[in-house]
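Numbering (this note's numbering), first residue to last: 15 to 229. For each residue, glycine too, the CB sits at the ideal point set by N, CA and C. If you're wondering where the values come from, they're calculated on a predicted model, not measured in any experiment.
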């Protein structure tokens, strides 16, 4: 093999290695960006997909659809209106927990719509919300699941209380106030929901008065 051919082969190998490094770097950068944007939703989507590439493609599509939405910021007046409505939901929970959860679902859906997100299809809601509200998406899934069980009479009072806590997580995130506790935060800072006294033996469970509900 002539020296010239050896040099050409070396140059070709180096060029191929550089191209491979660039491609790897681009993919790694995109992966880090998707993981940062979607958090635990990244693992969920990639785990459900046929391959990591397919999962990441789905997340990129979500990001593009989200970029095409005309999202709206809430005015101070609307924020106050929604906050007052949520307080009414918590008051309602004391006497009618099932109805309170149904009302919470309707209120959250209304807020989602007012912010500019689609509300027609539940899966579509999740997909579009996952781009900017990934950290509270698990709360919404859990709340929705309990709400569905409540509709057929299969949810206990504590389940319903947890549903309200979950709904409030996304509600606060969309409202942009009173952010919910993130992973690793100090205990005792999660959204508060009134407990409901179920019988005379539940002396350790306080029922708040209507004029002294939780936040």
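Integer Cβ distance of residue i from residue j, believed to fall under 8 Å
i	j	result
residue 103	residue 114	5 Å
residue 130	residue 93	With a Cβ gap of about 15 Å, residue 130 and residue 93 do not count as contacting.
residue 189	residue 125	7 Å
Three-way DSSP call (helix, strand, coil) for residue i in this model
i	result
residue 159	helix
residue 169	coil
residue 16	coil
residue 177	helix
Beta-carbon gap between residue i and residue j smaller than 8 Å
i	j	result
residue 181	residue 98	no
residue 148	residue 52	yes
residue 160	residue 169	yes
residue 122	residue 184	yes
residue 150	residue 79	no
residue 178	residue 164	no
residue 70	residue 45	yes
C-beta neighbour in chain C for residue i, strict 8 Å
i	result
residue 105	Annotation note: the requested chain C is absent from the structure, which comprises a single protein chain.
heavy atom of the ligand HEM below 7 Å from residue i C-beta
i	result
residue 86	The ligand HEM is not part of this structure, which contains no ligands at all.
For a minimum of 4 consecutive residues, which ranges assigned as the alpha helix (DSSP H) are wholly contained in the stretch 40-128?
Segments of the alpha helix (DSSP H) lying fully in the stretch 40-128: 54-62, 66-81 and 90-109.
At 4 residues or longer, and completely inside the stretch 124-154: list those alpha helix (DSSP H) runs for me, N to C.
Within the stretch 124-154, the complete alpha helix (DSSP H) runs of at least 4 residues are 136-146.
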